[in-house]
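With the UniProt record's numbering applied, the sequence shown closes on residue 135, and no number is skipped along the way. Note that CB positions come from ideal geometry on N, CA and C, so glycine has one too. All of these numbers come straight from a predicted model, not from anything done at the bench.
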Amino acid sequence: MAAASRSAAESLTPDAISATPLTAEETLQLILSRLDDMKAEEPIAIDIRGKSAMFDYVVVASGRVNRHVGAIAENVAKALKEAGITKIHVEGLTNCDWVLMDCGDVVLHVFRPEVREFYNIERLWTQGPQPAKTL
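Below, the structure is given as structure tokens:
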């Protein structure tokens with residue numbers, strides 16, 4: 001994190017929240033911290049700056065079972081709201097097989113392990129462009 005950036009602790013003070021929104025890197029660090037707190041399995045952050053105009057990072061993690069997936073997503077959403085990020089879009093909390101959270105500059109996917117393996121989102125964002133094949 002750059003020297004000019006605020007520390008994670010400073011980011012959560014009420015004065016800092018109202019003064020300056022979190023940067024993409026601060027949002028990422030907050031999400032990764034909450035994933036660690038909630039014992040999310042195999043979290044991975046993928047830097048996609050330059051690959052997508054919509055967001056800067058994709059985070060993928062697993063929960064052991066549906067209930068764990070939901071608890072992780074709810075805990076991350078609570079932390080983001082406390083940090084002043086109010087425009088969070090969440091999909092998938094009904095079944096909790098795969099919860100998608102659009103947090104602005106960061107998108108979080110929380111899967112049950114077998115669902116994560118099936119969709120393999122990491123591959124989508126880490127593979128380079130493939131050359132077009134001619135017929």
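The C-alpha of Gly63 lies about 9 Å from the C-alpha of Trp98.
In the three-state reduction of the DSSP assignment, Leu108 falls in the strand class. Counting only residues of its own chain and dropping the five nearest sequence neighbours on each side, Ala73 has a CB closer than 7 Å to the CB of Val90, Leu93, Val99, Met101, Val110.
Around the CB of Tyr57, 16 or more other CB atoms lie within 10 Å, so the residue is classed as buried.
Glu42 is the residue among Gln29, Glu42, Cys103 whose C-alpha sits nearest the C-alpha of Glu114.
Its chain contains Arg34, Asp37, Met38 as the residues whose beta carbon lies nearer than 8 Å to that of Asn75, once the 5 sequence neighbours on both sides are disregarded; these appear in chain order. Taken atom to atom, the span from the alpha-carbon of Lys87 to that of Asn120 is near 27 Å.
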